[in-house]
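Protein chains: 2
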Amino acid sequence: MPEAGFMNEDANAKPGDEARGPGRRLHGAIAHKLGTAILSGKYAPGDILSGEVAFAEELQVSRSAYREAIQVLTAKGLVASRPKAGTRVLPRDRWNLLDPEVLGWAFAGEPDIEFVRSLFELRAIVEPAAARLAAQRRDKADLKTMKDALAAMRRHTLTTEAGRAADRDFHKAILQATRNDALLVLSASIGAAVNWTTQFKQRARALPRNPIPDHVRVYDAIAAGDAAGAAEAMNVLVDLALEDTKSSMVEK
Amino acid sequence: MPEAGFMNEDANAKPGDEARGPGRRLHGAIAHKLGTAILSGKYAPGDILSGEVAFAEELQVSRSAYREAIQVLTAKGLVASRPKAGTRVLPRDRWNLLDPEVLGWAFAGEPDIEFVRSLFELRAIVEPAAARLAAQRRDKADLKTMKDALAAMRRHTLTTEAGRAADRDFHKAILQATRNDALLVLSASIGAAVNWTTQFKQRARALPRNPIPDHVRVYDAIAAGDAAGAAEAMNVLVDLALEDTKSSMVEK
DNA sequence: TCTCCCTATTTACTCCGACATATTAGGAGC
DNA sequence: GCTCCTAATATGTCGGAGTAAATAGGGAGA
Chain A
1 MPEAGFMNED ANAKPGDEAR GPGRRLHGAI AHKLGTAILS GKYAPGDILS
51 GEVAFAEELQ VSRSAYREAI QVLTAKGLVA SRPKAGTRVL PRDRWNLLDP
101 EVLGWAFAGE PDIEFVRSLF ELRAIVEPAA ARLAAQRRDK ADLKTMKDAL
151 AAMRRHTLTT EAGRAADRDF HKAILQATRN DALLVLSASI GAAVNWTTQF
201 KQRARALPRN PIPDHVRVYD AIAAGDAAGA AEAMNVLVDL ALEDTKSSMV
251 EK
Chain B
1001 MPEAGFMNED ANAKPGDEAR GPGRRLHGAI AHKLGTAILS GKYAPGDILS
1051 GEVAFAEELQ VSRSAYREAI QVLTAKGLVA SRPKAGTRVL PRDRWNLLDP
1101 EVLGWAFAGE PDIEFVRSLF ELRAIVEPAA ARLAAQRRDK ADLKTMKDAL
1151 AAMRRHTLTT EAGRAADRDF HKAILQATRN DALLVLSASI GAAVNWTTQF
1201 KQRARALPRN PIPDHVRVYD AIAAGDAAGA AEAMNVLVDL ALEDTKSSMV
1251 EK
């Protein structure tokens, strides 16, 4: 009998929570393991994950669990299986890189710095435009959410997870105020990258200047309905982050 | 051995192949069925897909097939399963709307016109910025790909699937020239929406003015390395499409 | 008698291993 | 060099054992 002992769950502090945590099952753990292995480059595109049975045996799990994990990876475009040919890692451009779970795998190990730059570049494109739309379409509830998030940011600062969560909430509130679902899904992806980088910078003791005033300027412009001003203020904010990321690249 | 092999399942030219069909596998067919049902609103967020056995029996498939389909939907954030509680449809903001397969399900039935507008708005934000980057970073190979795609567009026109594919290729080449993976992933999502809309407009006999010259202007600016010009030319192109989409909304 | 909490049952997912089927790679035969 | 056959391997199927969670029921306290 394959004895338990796997399930290296991290901080799953909330028992009754359904929404947040990965809430992993066995096949979820396998998918995580394989996903991080692929994202970290341990398996390169074109490589073959030889043998369903061999793999299942190596991981000490049943074929079904392994198979379900492969289903997950297949659904995210990381691999493709064909009879007799085996399960191969697909080329990078087929990967669903904006999927929150894939992103989590990418940031689980040492994320590709070039990919982080990509995400920040995407952010520098999307968020100013989003701020512009938000200034035109926000309602009172949106503004309240932003204001609360700002207050929380002030209280906790970005050195704590609570503070970073507040930062994400602030940006998410802006995306939400655009009334654009396609934009909104991007917030989760971008937020993950920003969060990781902020943590990284903190470890490196290279936190940038106080970001609160920049955030306040964005809020003020959105509250005033000043579309151009909101876009410009957000531009300042994300350009700063983009520059920081670039310099982090160099010193690395 | 990383032998280049079967990675071209999109480009299967064989007509006898079931390229059109929804499901390459049984569980894929089930996932398609359930996915379209959810995306079309037949199952609303919070609804429960009661009973693994009941559903499997209703669909005349084994529990495993149904289960693997649910895994796929879970991986895309559409549903979540919990013991005793059943499988519930998650709220919309958890859905992975930019996933190519989810997008396919969204466009399989009558897609939400508001969501289409979202995608076009995203496109109007991303593509001009992408054209700007492409003008700065493209190499000769990128330009050749764009040129070839333009030629194919001229040959086939947008009334044929081949022509629409060439259009997608053109835009994808631009995204590729940005050297930005995160942007590139979006091309598939946006391309699907544009393709669907183009077909729709064709059915409605409301094709806009000849789009080739607009595309040529974008190409010329990128080839010349004119970042601002490329952004502006692309802006014209996508704004036109966005306007068309809005008017389609009204007349519908 | 009413309320609250604790326990037990029920229910549905999760995991498992075995079997059946289909497809393909690779080699044998021409 | 081509075709066909065989073997290997992945997918599809099944039913059962295990487990976690929600609900219902009973007991204790007010």
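As you go down the protein sequences, you meet chains A and B in turn.
If you read the first sequence in our numbering, its first letter stands for residue 1, the second for the next number, and so on.
If you read the second sequence in our numbering, its first letter stands for residue 1001, the second for the next number, and so on.
A virtual CB, placed ideally from N, CA and C, is assigned to each residue, including glycine.
For the alpha helix (DSSP H) that ARG67 (chain A) lies in, which residues bound it at each end? Looking at the DSSP string, the run of the alpha helix (DSSP H) that includes ARG67 (chain A) is 63-75.
Is the Cβ of ASN96 (chain A) closer than 7 angstroms to any Cβ of chain B? Output row for ASN96 (chain A): interface = yes.
Quick check on the DSSP output: the alpha helix (DSSP H) that includes ARG155 (chain A) runs from which residue to which? Counted as a single uninterrupted DSSP element, the alpha helix (DSSP H) harbouring ARG155 (chain A) occupies residues 140-156.
Looking only at its chain, what residues have a beta carbon closer than 6 angstroms to the beta carbon of ALA152 (chain A), apart from the 5 residues adjacent to it on each side? Cβ within range, chain order: ALA166.
Contacts of VAL1053 (chain B) in chain A (Cβ-Cβ under 8 angstroms): None at all; the shortest Cβ gap to chain A is about 17 angstroms.
Does the distance from the CB of PRO1100 (chain B) to the CB of ASN1235 (chain B) come in under 7 angstroms? When the beta-carbon positions are compared, PRO1100 (chain B) and ASN1235 (chain B) stay at least 7 angstroms from each other.
Can you find a CB in chain A that lies within less than 7 angstroms of the CB of SER1118 (chain B)? True, the Cβ-Cβ gap to chain A drops below 7 angstroms.
Against chain A, with Cβ distances strictly below 7 angstroms, would ALA1075 (chain B) count as a contact? With a threshold of 7 angstroms between beta carbons, ALA1075 (chain B) makes contact with chain A.
Check the C-beta distance from ALA1131 (chain B) over to ILE1174 (chain B) and give it rounded, since I have them as a contact under 8 angstroms. Right, their Cβ atoms sit about 6 angstroms apart.
Return helix, strand or coil for ARG1088 (chain B), following the three-state DSSP convention. Residue state, collapsed to three classes: strand.
Buried or exposed for ASP1220 (chain B), going by 16 or more other Cβ atoms inside 10 Å? By the 10 Å Cβ count, ASP1220 (chain B) comes out exposed.
Would you say ASP1099 (chain B) faces chain A, with C-beta separation under 7 angstroms as the test? Taking Cβ atoms only, chain A reaches closer than 7 angstroms to ASP1099 (chain B), which makes this a yes.
Beta-carbon proximity of GLN136 (chain A) to ALA228 (chain A), cut-off 7 angstroms: Against a cut-off of 7 angstroms, the Cβ pair of ALA228 (chain A) and GLN136 (chain A) comes out as no contact.
I want to see whether chain B comes within less than 7 angstroms of ALA108 (chain A), judged by CB atoms only; does it? For ALA108 (chain A), no Cβ of chain B is located within less than 7 angstroms of the residue's own Cβ.
Taking the CB atoms as reference points, tell me whether ALA270 (chain A) and ILE30 (chain A) lie closer together than 7 angstroms. Here chain A comprises residues numbered 1 to 252, so residue 270 (chain A) is not present and cannot be evaluated.
Check whether the Cβ atoms of LEU98 (chain A) and LEU1098 (chain B) sit closer than 7 angstroms, and answer yes or no. Cβ atoms of LEU98 (chain A) and LEU1098 (chain B): closer than 7 angstroms.
Looking at LEU49 (chain A) and THR87 (chain A), is the spacing between their C-beta atoms short of 7 angstroms? For THR87 (chain A) and LEU49 (chain A), yes; Cβs fall inside 7 angstroms.
Buried/exposed call for ARG209 (chain A), threshold 16 Cβ in 10 Å: Here ARG209 (chain A) is exposed: its Cβ has fewer than 16 other Cβ atoms, across all protein chains shown, within 10 Å.
Just to confirm, are THR178 (chain A) and ALA224 (chain A) a CB contact at a threshold of 7 angstroms? Result no, Cβ atoms of THR178 (chain A) and ALA224 (chain A) do not sit closer than 7 angstroms.
Looking at the structure shown, is ALA80 (chain A) part of a helix, part of a strand, or coil, going by DSSP? Here ALA80 (chain A) carries a strand assignment [DSSP, helix/strand/coil].
Which of the three DSSP states is assigned to LEU26 (chain A) in this structure? In the three-state DSSP reduction, LEU26 (chain A) falls in the helix class (H, G or I).
Residue span of the alpha helix (DSSP H) that contains ARG164 (chain A), given as start and end: ARG164 (chain A): member of the alpha helix (DSSP H) spanning 161-177, first to last residue.
Apart from the five residues just before and just after ASP169 (chain A), which ones in its own chain have a Cβ nearer than 6 angstroms to its Cβ? Hits under 6 angstroms: ALA149.
Residues of chain B with a CB under 9 angstroms from the CB of VAL61 (chain A): which are they? Simply none; closest approach about 15 angstroms.
If we cut at 7 angstroms on Cβ distances, does GLY21 (chain A) have a partner in chain B? At GLY21 (chain A) the pLDDT is 35, less than 50, meaning the model places this residue with poor confidence; the figure from the coordinates comes in the next sentence. No Cβ of chain B is located within less than 7 angstroms of the beta carbon of GLY21 (chain A).
Counting Cβ pairs closer than 8 angstroms, one from the stretch 108-116 of chain A and one from the stretch 1189-1197 of chain B, do we hit at least three? Below 8 angstroms, too few C-beta pairs join the stretch 108-116 of chain A and the stretch 1189-1197 of chain B to call them touching: fewer than three.
Measure from the alpha carbon of PHE1107 (chain B) to the alpha carbon of each residue in B:ILE1212, B:LEU1143, B:GLY1191, then state which is nearest. Among B:ILE1212, B:LEU1143, B:GLY1191, the Cα nearest to that of PHE1107 (chain B) is on B:GLY1191.
Within 10 Å of its beta-carbon, does ASP142 (chain A) have 16 or more other beta-carbons around it, so buried, or fewer, so exposed? Classification of ASP142 (chain A): buried, given that the 10 Å Cβ count is 16 or more.
Distance, ARG1094 (chain B) Cα to PRO211 (chain A) Cα: Whole-angstrom Cα-Cα distance: 29 angstroms.
Presumed contact (8 angstroms Cβ cut-off) between ARG948 (chain B) and THR1245 (chain B), rounded CB distance: With chain B covering only 1001 through 1252, there is no way to say anything about residue 948 (chain B).
Interface partners of GLN71 (chain A) on chain B, CB under 8 angstroms: Contact annotation for GLN71 (chain A) against chain B: HIS1027, GLU1068, GLN1071, VAL1072, ALA1075 [CB-CB distance below 8 angstroms, chain order].
Taking buried to mean at least 16 other C-beta atoms within 10 Å of its own C-beta, is THR160 (chain A) buried or exposed? Exposed, by the Cβ-count rule.
Nearest by alpha-carbon distance to SER1247 (chain B): which of B:GLY1104, B:LYS1201, B:ARG1025 is it? Taking only the C-alpha atoms, the option nearest SER1247 (chain B) is B:LYS1201.
Does LEU184 (chain A) come out as helix, strand or coil in the three-state DSSP assignment? It is helical.
Check for me: the alpha helix (DSSP H) holding TYR219 (chain A) runs from which residue to which? Run containing TYR219 (chain A): 212-224, per the alpha helix (DSSP H) assignment.
By how many angstroms is the C-alpha of PRO83 (chain A) removed from the C-alpha of ARG1063 (chain B)? So the two alpha carbons sit approximately 22 angstroms from each other.
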